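First comes the structure, then the notes that go with it.
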Amino acid sequence: MTPEQLSTAVRDVLAAAVDAGEVSLPDGVPDRVTVERPRNREHGDYATNVAMQLAKKAGANPRALAELLAARLRAVDGVTAVDVAGPGFLNITVSAAAQGELARTVVEQGAEYGRADVLTGTRLNIEFISANPTGPLHLGHVRWAAVGDAMARVLDAAGADVTREFYINDRGAQMDKFGASIMARAHGRDVPDDGYHGSYVGELARAIVEDQPGITELPEDEQLVAFREAGYQRQLAEQQRQLDEFRTRFDVWYSERTLHDGGRVEHALDVLRGKGHVFEADGAVWMRTTDFGDDKDRVLVRTDGGYTYFAADTAYYVDKRERGFDVCIYLLGADHHGYVGRLRAIAACAGDDADRNIEIPIGQMVKILDRGEELKLSKRAGTMITLGQVVDAAGVDALRYSLCRYPADSPLTLDVAQITKHTPDNPVFYVQYAHARLSSILRNAADLGVDRGELDPSMLNHERESVLLGALAEFPRVVATAAELREPHRIARYMEDVAGTFHRFYDDCRVLPMGDEDATDVHRARLWLVDATRVVLANGLGLLGVAAPERM
RNA sequence: GCGCCUGUAGCUCAGUCGGAUAGAGCAGGAGCCUUCUAAGCUCUUGGUCGGGGGUUCGAAUCCCUCCAGGCGCACCA
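Put into structure tokens, the structure is as follows:
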């Protein structure tokens, strides 16, 4: 019996009590009844607080209402005991057989187990990283690479139609500075003060000159463009390679230039003019974002006739909506949180609901310590910690998992030594090890010729088995919650719980027959449970983009 | 000055439709391998949930206020 089924059963019991005239609910029976796993085992397998929630509406004493529901619940198939406790909690105990059926469900659903449908029908666009193509991805991008990718996977698992998007800022003054910096290096000159000082610029210059020997002979203005474009292409390819290595995938790489070249900016301005939020003042064209909570109005077209970056942001949002996305998610770093107000205002000015059509989660900064020292980037000194260097130090799995295991809105410090060590106090390895251990049991079973056979769920009546089954049953709800709250870290925390629960089961319950023993129904049932546990961990790790090793 | 985020055990942090005695790991202490991975498990010490007020059957959670720390407030990109 899954929590979902039990919740439905409780709701049905409530409805039956209403029909029988034992309870009166002026607002009707609620659609959903919360059934949760109590922290304390003495409170049964599941508990519900419906009686307390509805007591006031029903004009009844919470405990009396609970008693009334308990009497009916006891008759439900698979329920073995119902107690009324405290101010009116219903503590429910489920039979081993009803609970054990879950092992079959999980194994049969396999990779599908855990998928939910809470977001079915929602078209989501999730944009993250969106770095300038003027250099390699660095430390500042790493958190969203991991969390954004995991979030996209979780949203997909919850049934949403997800598009992952990377916005390429390939237009504007920064690009020209980038081109000028490469050109300066190609001629052995100093990079301009406001240019790019990283050592990669020199390497780029060398590679480009080698590839296009005539480039340094071009007139200065043409040469700058040639360097800029060649540098752009190489850096974009480099970023894509870095992300590929980090297992972060995008569906759409959206170039800012195409917004301008395709007339999308003019189009967006027309749309917004039509909504009445555009005005002219001081020779510039503005959008009245203060109508919607922004702290100041924003310029769209400068006095010199050029479009601002904000105009492109506006066009980009309008474009996303016209491409059919219901919700546009922008993952921004804390250093960009000043953009939240104006982005929300864009949505509102476009006639949308800023509380529904746009979401802007803010990720706080990450510090990474290596051998006690903070990996720090300094643009001025030209020292830079690239994504690749961090990956080299910590490994993709450890890095992705560790970044995903904390809520993105809390500041984070990771120690490379801490997240890469192979000890149980490292959550990555604790979870991966559990998966390897499970895989090992399944391998050994095959070697011994023990087949899972038919499941007799009533064999799974050990305390540790019951707790493990209960934990596995939570997976779909955890996925749904993680998706709805945009909090993939819940998946990691959940898996740590499952891994611990499994290790404790393993310690107390022998799965395979020993020596010359014949396999019994208990062995077979435990194999089902082991298989189901392995499925849940594999699916969960998959949601974080972390490997589920079969051997360690 | 205004805005966003954070404040929970010695340390790193979980904890959202408000629920039962506030949790986990580490660190400290004591144990468990003749058979499936000891990269594991068991027991134990440890709290004014930053302070104060409010809402109610019930608050770490919701509201107000104060304190401390981080970040941000361009006709830059």
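Just so we're aligned, residue 790 is where the first sequence starts under our numbering, counting upward by one.
C-beta atoms are modelled at their ideal positions from N, C-alpha and C, and glycine is treated no differently.
A quick note: this is a predicted structure, and the numbers were derived from the prediction, not measured.
Taking the Cβ atoms as the reference, T1103 lies roughly 5 Å from A1057, within the contact range of under 8 Å. For T837, the enclosing beta strand (DSSP E) covers residues 835 to 837.
If you ignore the 5 residues before and after G1130, its C-beta comes within less than 7 Å of the C-beta of G1082, D1083, D1084, all in its own chain and listed in chain order. DSSP places R912 inside the beta strand (DSSP E), whose first and last residues are 912 to 916. Per DSSP, reduced to three states, the secondary structure at A1337 is coil, with no helix or strand assignment.
Taking all protein chains shown into account, L1237 has fewer than 16 neighbouring C-beta atoms within 10 Å of its C-beta and is therefore exposed. A contact between stretches requires three or more CB pairs, one per stretch, nearer than 8 Å, and the stretch 932 to 947 meets this requirement with the stretch 1140 to 1160.
Ranked by Cα distance from R904, the first of D1310, P1302, P1265 is P1265.
The residue among T797, E856, A1288 with its C-alpha nearest the C-alpha of E811 is E856.
Rounded to the nearest angstrom, the Cβ distance from A1281 to V943 is 11 Å, too far for a contact under 8 Å.
With contact defined as three or more Cβ pairs closer than 8 Å, the stretch 861 to 874 and the stretch 901 to 917 are not in contact.
Counting of Cβ neighbours within 10 angstroms places N1328 among the buried residues, the total reaching 16 or more.
Burial of T1037 is indicated by the presence of at least 16 other C-beta atoms within 10 angstroms of its C-beta.
Taking each of L1249, V1041, R1189 in turn and checking the Cα distance to F1035, the smallest one comes out for R1189. Beta bridge pairing from DSSP links C1138 with no other residue. Within the DSSP secondary-structure output, N1328 pairs in no beta bridge. Of all alpha-carbon atoms in R1023, L862, V1217, the one lying nearest the alpha-carbon of Q794 is that of L862. Minimum Cα-Cα distance from A1139 among the listed residues A1123, R1110, L1158 corresponds to R1110. By alpha-carbon distance to P922, the top candidate from Y1043, L1261, G1051, T791 is Y1043. Contact between V822 and V807 is ruled out by a C-beta separation of about 13 Å, above the 8 Å threshold. Close CB contacts of V1067 within its chain, under the 6 Å cut and outside five residues either way in sequence, are with L1061, M1076 (chain order). Contact annotation, L1316 with V1256: C-beta distance approximately 18 Å; criterion of less than 8 Å not satisfied. Taking a 10 Å sphere around the C-beta of A973, we find 16 or more other C-beta atoms and assign the residue as buried.
Between R960 and E1045 the beta-carbon gap is near 5 Å, inside 8 Å, which marks them as a contact. In this structure, DSSP gives F1081 a helical state, which the three-state scheme calls helix. By the Cβ-count criterion, D1010 is exposed, with fewer than 16 other Cβ atoms from all chains shown falling within 10 Å of its own Cβ. The DSSP assignment places complete beta strand (DSSP E) segments of no fewer than 3 residues inside the stretch 1063 to 1116 at 1067 to 1070, 1073 to 1076, 1087 to 1090, in order along the chain. As the crow flies, the alpha-carbon of E831 is around 53 Å from that of R1112. The C-beta separation of A844 from N850 comes to about 7 Å, placing the pair in contact by the 8 Å criterion. Spanning the alpha carbons of A962 and Q1001 requires a straight line of approximately 24 Å. Under a 10 Å Cβ-count criterion, G889 is classified as buried, with 16 or more other Cβ atoms of the shown protein chains found around its own Cβ. Under the three-state reduction of DSSP, T1309 is assigned to coil, being neither helix nor strand.
DSSP places L1164 outside any alpha helix (DSSP H); the residue lies instead in the beta strand (DSSP E), whose first and last residues are 1162 to 1164. Buried is the label assigned to H927, since at least 16 other Cβ atoms lie within 10 Å of its Cβ.
Residue range 1041 to 1044 is occupied by the beta strand (DSSP E) that includes S1044, with no alpha helix (DSSP H) assigned at that position.
Taking C-beta atoms as the reference points, E1263 and Y1283 count as a pair closer than 9 Å.
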